Amino acid sequence: MERWLKRGASALLYALPVAFLALFFFYPLAAIFDLSLRPEGVLQWERLLDVVRSPYYQRTLRFTVWQATLSTALTIACALPCAYVFTRFQFAGKSTLLALATLPFVLPTVVVAAAFRALIWPNGLLNDGLMRLLLLDSPPLQLQRTLTAILIAHVFYNFAVALRMITGYWANQSTRMEEAAQVLGARGWRLWWYVRLPILRPAITAAALLVFIFTFTSFGVVLILGGFRYATLEVEIYYQAQSVFDLPVAAALSLVQIGAMFVMMAVYTRLQRDIKTDLQSTRRVARKPRNRREWLAVGATVTFIGGLLFSPLLALVSRSLSFSAERSTLHHYRNLLENRPVGGRLPRSMEDVLGVAPVEIIQNSLTFALMTTLAAVILGLLTSYLLARRGRSGRWLDPVFMLPLATSAVTLGFGYILTMDFNGVRGGLNDVFGLSVRGNWDLRASWILIPIAHVLVALPFVVRSVLPALRGIAPSIHEAAAVLGAPPHKRWLYVELPLISRGVIVGATFAFTISMGEFGASLFVARTESTTLPIAIERLLSQPGTSAEAYALSSLLLLVCATSFIVIERVRVAGIGEF
1161 MERWLKRGAS
1171 ALLYALPVAF
1181 LALFFFYPLA
1191 AIFDLSLRPE
1201 GVLQWERLLD
1211 VVRSPYYQRT
1221 LRFTVWQATL
1231 STALTIACAL
1241 PCAYVFTRFQ
1251 FAGKSTLLAL
1261 ATLPFVLPTV
1271 VVAAAFRALI
1281 WPNGLLNDGL
1291 MRLLLLDSPP
1301 LQLQRTLTAI
1311 LIAHVFYNFA
1321 VALRMITGYW
1331 ANQSTRMEEA
1341 AQVLGARGWR
1351 LWWYVRLPIL
1361 RPAITAAALL
1371 VFIFTFTSFG
1381 VVLILGGFRY
1391 ATLEVEIYYQ
1401 AQSVFDLPVA
1411 AALSLVQIGA
1421 MFVMMAVYTR
1431 LQRDIKTDLQ
1441 STRRVARKPR
1451 NRREWLAVGA
1461 TVTFIGGLLF
1471 SPLLALVSRS
1481 LSFSAERSTL
1491 HHYRNLLENR
1501 PVGGRLPRSM
1511 EDVLGVAPVE
1521 IIQNSLTFAL
1531 MTTLAAVILG
1541 LLTSYLLARR
1551 GRSGRWLDPV
1561 FMLPLATSAV
1571 TLGFGYILTM
1581 DFNGVRGGLN
1591 DVFGLSVRGN
1601 WDLRASWILI
1611 PIAHVLVALP
1621 FVVRSVLPAL
1631 RGIAPSIHEA
1641 AAVLGAPPHK
1651 RWLYVELPLI
1661 SRGVIVGATF
1671 AFTISMGEFG
1681 ASLFVARTES
1691 TTLPIAIERL
1701 LSQPGTSAEA
1711 YALSSLLLLV
1721 CATSFIVIER
1731 VRVAGIGEF
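Every position in the sequence shown, counted from 1, becomes a number in the working numbering once 1160 is added.
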């Protein structure tokens, strides 16, 4: 009897992450499918086909694909030469530079967008420097609300993804084929075209597809740097749902995006398997540069990565400070913390601009992040044990729990708008679990949807951080602890937990950082009193006279993400956090 009770308790615990995913992921997606295919309760393909055939939405889709293609091509073109230098040469600070190059990838999209506004906008740091250097009266660079600004930000954001994937693959390839080609006279572009590129094709293809996926679903960068003039599918879904209130059209566009994302993620998963299969046992050994040309290549790479990485972030921090003789250096930060009047001819307090005091916004973000971290770690641990101990069932459950990565946060937020009212929650509990409930379950007016959305986005990162460590525990360790008489709860507390603690810390740090910077889903479900830092930054950037305060908030968020990045890099071991 006791054994059956233990099995029942274990099954109930393992059911928690499955139930969470069913109610807060699959049910909202099903509602989007239902609204797009049955807008009036009856199956109607015509409405979906009308949206797909519309010249306006076709242009939106073409632009989404076009900007993602350009962003991907530019990112790979920048990453490939740098990967060659990192793979071929050994130089001082190489590991540190490669680690720092990953920092932009953990930054919230609103921080990246704010950083490039601080750098390349007409009143940005770069234009100020050029005007002083060239003695000009007007800014020479007019990049505000342009495709160029979007592309530059996308390269900054995704450069590290391509660099790490190509470098990691290239470093594990044998040099014999390349050496043989050189003996036969292959040099320069011939060596690249006929030898190196074919060898690197699996890694380049996988990296390009992953970058394409990220830029295809880009929301914050496009919305802030491009506006509705350069609307992608993500921005158009937000516009139709929040501004025009045409929910069937938003649902149809979401359905198109979900279909495209699932196809691309399926192809990417296959490419990842090919990369692992093609890895060679011979590891390329980097050497020191031997001549001036090689040293120039190293210097150019370091300069490029340093400029790409630090110039926007330094511009952001610089623009958040005040260098006026009449003001203190931290004037804009004090405006935020003390709720001082700011902006133009009619000064308004920060609370008037945002609808809530900035200190409360910071408290909101910290509270949601702590709640997200706790819930994501608990659900992530349960999911990891479920996947690690369920044999064949774990093989198909593993990709199921990764599905939130293949769904944009904007689509997720839109799904919550459709389902998380009283009728939706009651219907979801009835349809998914067969439960009949009464009372007011309208979660759309509640702050609780924000941490729920954040947990769903963060859960795959926690699982990918904990699962490799859990699978790496040798069965003999469990057997030895059992032989010594340790009960199950003590075996977990004193044996397993210390062994997976690094993965738990990395997963918790990922969850905290993701929650602090999440923008797309929060923009749909947050109310004024539950405003988060990314939403406040976007609102300040869209208001006249409050850009400096937006840069100050972005700098605070940058500090949080940089600290989290340092924790992840110091604690992380091989295999943890890989997808």
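C-beta atoms are modelled at their ideal positions from N, C-alpha and C, and glycine is treated no differently. Keep in mind it's a predicted model, so treat the numbers as computed, not measured.
Residue burial classification, residue i (beta-carbon count within 10 angstroms, cutoff 16)
i: Thr1442; result: Any reading at Thr1442 is ruled out, since the residue's pLDDT is 46, under 50, leaving its predicted position unreliable.
i: Glu1709; result: buried
i: Trp1556; result: exposed
i: Tyr1216; result: exposed
i: Ala1171; result: exposed
i: Trp1226; result: exposed
i: Tyr1654; result: exposed
i: Gln1417; result: buried
i: Phe1684; result: buried
i: Ser1636; result: exposed
i: Ser1255; result: exposed
Spatial distance of residue i from residue j (CA atoms)
i: Ala1261; j: Leu1469; result: 7 Å
i: Phe1180; j: Ser1682; result: 18 Å
i: Thr1392; j: Ser1378; result: 8 Å
i: Pro1268; j: Pro1694; result: 8 Å
i: Val1617; j: Ala1259; result: 24 Å
i: Phe1422; j: Val1622; result: 21 Å
i: Arg1430; j: Met1424; result: 10 Å
i: Tyr1576; j: Phe1184; result: 8 Å
i: Trp1607; j: Leu1717; result: 21 Å
i: Ala1266; j: Pro1564; result: It should be pointed out that residue 1266 corresponds to Val in this sequence rather than to Ala. Their Cα atoms are separated by approximately 17 Å.
i: Arg1450; j: Leu1713; result: 46 Å
i: Val1626; j: Pro1408; result: 39 Å
i: Ser1690; j: His1314; result: 29 Å
i: Ala1460; j: Thr1692; result: 39 Å
i: Phe1186; j: Asn1332; result: 39 Å
i: Leu1173; j: Leu1547; result: 13 Å
i: Ile1364; j: Thr1567; result: 23 Å
i: Arg1389; j: Phe1405; result: 19 Å
8 Å Cβ cutoff met for residue i and residue j
i: Tyr1428; j: Leu1369; result: yes
i: Thr1387; j: Arg1305; result: Per the sequence shown, residue 1387 should be read as Gly rather than Thr. Cβ distance < 8 Å, so Gly1387 and Arg1305 count as in contact.
i: Ala1569; j: Gly1705; result: no
i: Pro1620; j: Met1531; result: no
i: Leu1701; j: Ala1274; result: yes
i: Ala1629; j: Ala1536; result: no
i: Val1270; j: Glu1698; result: yes
i: Ala1642; j: Arg1651; result: yes
i: Phe1316; j: Val1272; result: yes
i: Leu1195; j: Leu1578; result: yes
i: Gly1549; j: Phe1249; result: According to the sequence shown, residue 1549 is Arg rather than Gly. The answer is no: Cβ separation not under 8 Å.
i: Ile1633; j: Leu1657; result: no
i: Pro1264; j: Ala1320; result: yes
i: Thr1247; j: Ala1322; result: no
i: Leu1497; j: Val1477; result: no
i: Leu1395; j: Phe1251; result: Sequence inspection shows Val at residue 1395; the Leu mentioned does not correspond to that position. Their beta carbons are not under 8 Å apart, which means Val1395 does not touch Phe1251 by this criterion.
i: Leu1311; j: Ser1231; result: yes
i: Asn1287; j: Pro1300; result: yes
i: Leu1357; j: Phe1276; result: no
Cut-off 6 Å between Cβ atoms - residues of its own chain near residue i, not counting five sequence neighbours on either side
i: Leu1303; result: Ile1280, Ala1309
i: Pro1177; result: Leu1539, Leu1542, Thr1543
i: Ile1665; result: Val1731
i: Val1720; result: Met1676
Check: residue i C-beta below 7 Å from any heavy atom of the ligand SAH
i: Ala1710; result: You won't find the ligand SAH in this model; it holds no ligand whatsoever.
Chain-order list of residues whose beta-carbon lies under 7 Å from that of residue i (same chain, five-residue window excluded)
i: Leu1165; result: Bear in mind that a pLDDT of 49 at Leu1165, under 50, signals an unreliable position, so the number given afterwards is only what the model happens to contain. Closer than 7 Å at Cβ, skipping near neighbours: no residue.
i: His1614; result: Phe1528, Thr1532, Ile1674, Ser1675, Glu1678
i: Ala1228; result: Phe1372, Thr1375, Phe1376
i: His1491; result: Ser1482
i: Arg1479; result: Ala1278, Leu1285, Ala1708, Tyr1711
i: Pro1188; result: Leu1572, Gly1575, Tyr1576, Leu1578, Thr1579
i: Leu1203; result: Leu1197
i: Ser1471; result: Leu1279
i: Leu1257; result: Val1462, Ile1465
Same chain, Cβ closer than 8 Å to residue i, five either side skipped, listed in chain order
i: Val1560; result: Leu1181
i: Ala1517; result: Asn1499, Met1510, Glu1511
i: Ile1740; result: Because residue 1740 is not part of the residues shown, which for the chain are 1161 to 1739, the question remains open.
C-beta neighbour in chain C for residue i, strict 8 Å
i: Ala1629; result: In summary, chain C is missing from the structure at hand, where a single protein chain is found.
Would the segment 1721-1733 and the segment 1667-1681 be scored as touching if the rule is three or more Cβ pairs under 8 Å?
yes
If we count Cβ pairs, one from each stretch, closer than 8 Å, do we get three or more for the segment 1322-1329 versus the segment 1229-1242?
yes
Is it a yes or a no for the segment 1396-1415 touching the segment 1455-1470, going by three-plus beta-carbon pairs under 8 Å?
no
Could you tell me whether the segment 1202-1211 touches the segment 1411-1427, using the rule of 3 or more Cβ pairs below 8 Å?
yes
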